[in-house]
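Trainee: Handing you a structure now.
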Amino acid sequence: MTYFEQIGEDLADIVCDFAFCCRYSAVYYSLTRYLEIKCFKLKKHLLSKRIYSPKYMRVLPSPLEVFEPIENFGSYRDLFDWDTLYMRLWQLDFRRSIVRVMGNRGRWHLRFALHWKNVLSFVIFYRALMRLPTFITVFKPSVQFLLNSETCALPHPLRV
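Under our numbering, the first residue of the sequence shown carries the number 6, and numbering increases by one thereafter.
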């Protein structure tokens, strides 16, 4: 049982207004979403380290590291590093049927545009592809060539 359940909603609103300048319901909703994202154990390079806050008019550490309600930042989409996610998406070879199981590249773009939670679906899908045997090719030939070359200094296979 949390302390906020014991003190009642009115007093919890006062505490949250003092600490974060918002209602308890906003703090609770943000906290549950942050915990949902953290449960997926995403690698740090898929999450933005610093996010601009229109409320404070400056860049702050990610609210996943230092708690702050999402109201102070914009949306949950800001938590993710979209450049890295799209790079992972473009490296997959959608000509292969095993890669197209969850839809084509255009459908993933549409899913990302519709809701931020589809990032978590993509992470599950990508992890499943990485667990396939090595003789099943899931990357484009150019990416596969870079991963197989001994002289390349790229990190091994784009772990999520």
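For each residue, glycine too, the CB sits at the ideal point set by N, CA and C.
#1: Output the residue ranges of the alpha helix (DSSP H) runs that lie fully inside the segment 64-130 and measure 4 residues or longer, sorted by chain position.
#2: Could you tell me the distance, in whole angstroms, from the CA atom of residue 49 to the CA atom of residue 87?
#3: Hey, could you find the ends of the alpha helix (DSSP H) residue 33 is sitting in?
#4: According to DSSP, simplified to helix, strand and coil, what is residue 56?
#5: Using CA atoms only, rank isn't needed, just tell me which of 56, 74, 38 is closest to residue 67.
#6: Pop quiz: residue 104 and residue 69 are said to be a contact at Cβ under 8 Å. What is the actual Cβ separation, rounded to whole angstroms?
#7: For residue 6, which three-state DSSP category applies?
Mentor: Taking the structure as given:
#1: 87-96, 110-119
#2: 13 Å
#3: 29-44
#4: strand
#5: 56
#6: Not a contact, Cβ separation roughly 29 Å.
#7: With a pLDDT of 44 at residue 6, under the threshold of 50, the modelled position of that residue is not reliable, and the figure given next carries that caveat. In this structure, residue 6 counts as coil in the three-state DSSP scheme.
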